[in-house]
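Read the structure below first, then the notes.
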Amino acid sequence: MSQFLISAIICTHNREQYLGLAIDSLLQQDFTDFEIIVVDNASTDGTRQVVEARLPHPKLRYIYEPVTGLSIARNTGAKNSQSPIIAYLDDDAIATPQWLRVLYSAYENHPKLAIAGGKVTLIWPEGITPPPWLSDNLAKNLGAYDLGDQWVEIKNPSLTPRGLNYSIRRSFLENIGGFDINLGRVGKRLLSNEELQMTELALKQGWQVAYIPEALVAHHVAPERINRAWFMERGWWQGISECYREQLAGRDGIVQLGRGGERIIRGLYKTIKYFGNPALRFDNFVYAYGQIGYLGAAISGLVHSESKPENSQK
Numbered sequence: 001m002s003q004f005l006i007s008a009i010i011c012t013h014n015r016e017q018y019l020g021l022a023i024d025s026l027l028q029q030d031f032t033d034f035e036i037i038v039v040d041n042a043s044t045d046g047t048r049q050v051v052e053a054r055l056p057h058p059k060l061r062y063i064y065e066p067v068t069g070l071s072i073a074r075n076t077g078a079k080n081s082q083s084p085i086i087a088y089l090d091d092d093a094i095a096t097p098q099w100l101r102v103l104y105s106a107y108e109n110h111p112k113l114a115i116a117g118g119k120v121t122l123i124w125p126e127g128i129t130p131p132p133w134l135s136d137n138l139a140k141n142l143g144a145y146d147l148g149d150q151w152v153e154i155k156n157p158s159l160t161p162r163g164l165n166y167s168i169r170r171s172f173l174e175n176i177g178g179f180d181i182n183l184g185r186v187g188k189r190l191l192s193n194e195e196l197q198m199t200e201l202a203l204k205q206g207w208q209v210a211y212i213p214e215a216l217v218a219h220h221v222a223p224e225r226i227n228r229a230w231f232m233e234r235g236w237w238q239g240i241s242e243c244y245r246e247q248l249a250g251r252d253g254i255v256q257l258g259r260g261g262e263r264i265i266r267g268l269y270k271t272i273k274y275f276g277n278p279a280l281r282f283d284n285f286v287y288a289y290g291q292i293g294y295l296g297a298a299i300s301g302l303v304h305s306e307s308k309p310e311n312s313q314k
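Residue numbers (the UniProt record's numbering): 1 to 314.
Below is the structure:
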């Protein structure tokens, strides 16, 4: 029998300036039967000291994972947890006091619920406001997530909960073998789409995925991300991630070249169409630029596939 009802896991890599606030927000939950696991993913800053300063708390544990990669760290946290429900909070996020209670209640009342997450608001650095070239869509790359003030059952994987405010049922996670380590951020490689893939798998197997607005989390916007270059790089890696996700789902091949080409043309067309709107212009330009990354990954996949011996197996 599980010792706790829900496990809160923070996977962290060199975020000592935010980590303490994230941990403290979990220590202040209005729920009782939970544990907190901090997975230190090969940090080289003062991460361990931040955790050790709070380790006298009986609910808190520290685990060191030397192999970098968000999906690897998430799997390590899950394997070391002791609850039927696992909740992931980013190391630069702050959970509201009811976060774990709301999430656990959702799973308790919906036995087919496999994945759930809540609304995410942004905490801007002091003295900085959203730039005029930042669209609501691109703000999602900073973690913003708001589908309204009512429970929403997710049917479209593109609307899946954000990884910084994310929970999953252990039985489902174990059944699919954990998070795919080919997706998810690894150091400065901004791979993503691991949550989107999870939602696709859950829906195919007849599970539910939900947005729960009361499971509210606030996310710090790092100052270094408030520039166009970061969003361009993020778009590039988004394109690569989308290509990998299609390959994992068996939707790869020569058709990806057509998809990528069509998307570039669409993005550039809309860039010109909305030239007078700084936010929409930049949004569509980032989208078009990301498709170059998509095409590069698609071509690499085709070359790799053709170079395999005919009788070899994946």
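Built from N, CA and C at the ideal position, the CB exists for glycine as well.
Exercise for review: Determine the DSSP secondary structure at Phe4, reduced to helix, strand or coil.
Suggested key: coil
Review point. Nearest-angstrom Cα distance between Leu159 and Ser241?
Key: 16 Å
Check your understanding: Between which two residues does the beta strand (DSSP E) carrying Asn14 extend?
Key -> Note, Asn14: premise wrong, no beta strand (DSSP E); not H, not E.
Review point. Thinking just about the alpha-carbon of each residue, which of Ser135, Asp91, His13 and Leu100 is nearest to the one in Ile212?
Key: Leu100
Check your understanding: Is Val102 helix, strand or coil by DSSP?
Key -> helix
Exercise for review: Go to Glu200, then tell me how far its alpha helix (DSSP H) extends in each direction, as first and last residue.
Suggested key: Glu194 to Lys204
Review point. Roughly how many whole angstroms lie between the Cα atoms of Ile45 and Gly206?
Key: The sequence shown places Asp at residue 45, not Ile. Going from the Cα of Asp45 to the Cα of Gly206 covers about 43 Å.
Practice item. Return the bridge partner residues of Ile63 from the DSSP annotation. Key: Val39
Review point. Are Ser167 and Ala95 closer than 8 Å when you measure CB to CB?
Key: no
Review point. Apart from the five residues on each side of it in sequence, which residues of its chain come closer than 7 Å, Cβ to Cβ, to Tyr18?
Key: Asp91, Asp92 and His220
Exercise for review: On the DSSP bridge assignment, give the partners of Thr47 in chain order.
Suggested key: In the DSSP output, where bridge partners are listed per residue, Thr47 has none listed.
**Study point:** residue 334 in three-state terms, based on DSSP
**Key:** This structure leaves residue 334 out entirely; the chain is present only between 1 and 314.
Review point. Closest by CA to Lys155, which one among Lys204, Phe172, Ile23 and Phe285?
Key: Lys204
Check your understanding: Ala78: which of Ile63, Pro278 and Pro125 sits nearest, CA to CA?
Key -> Ile63
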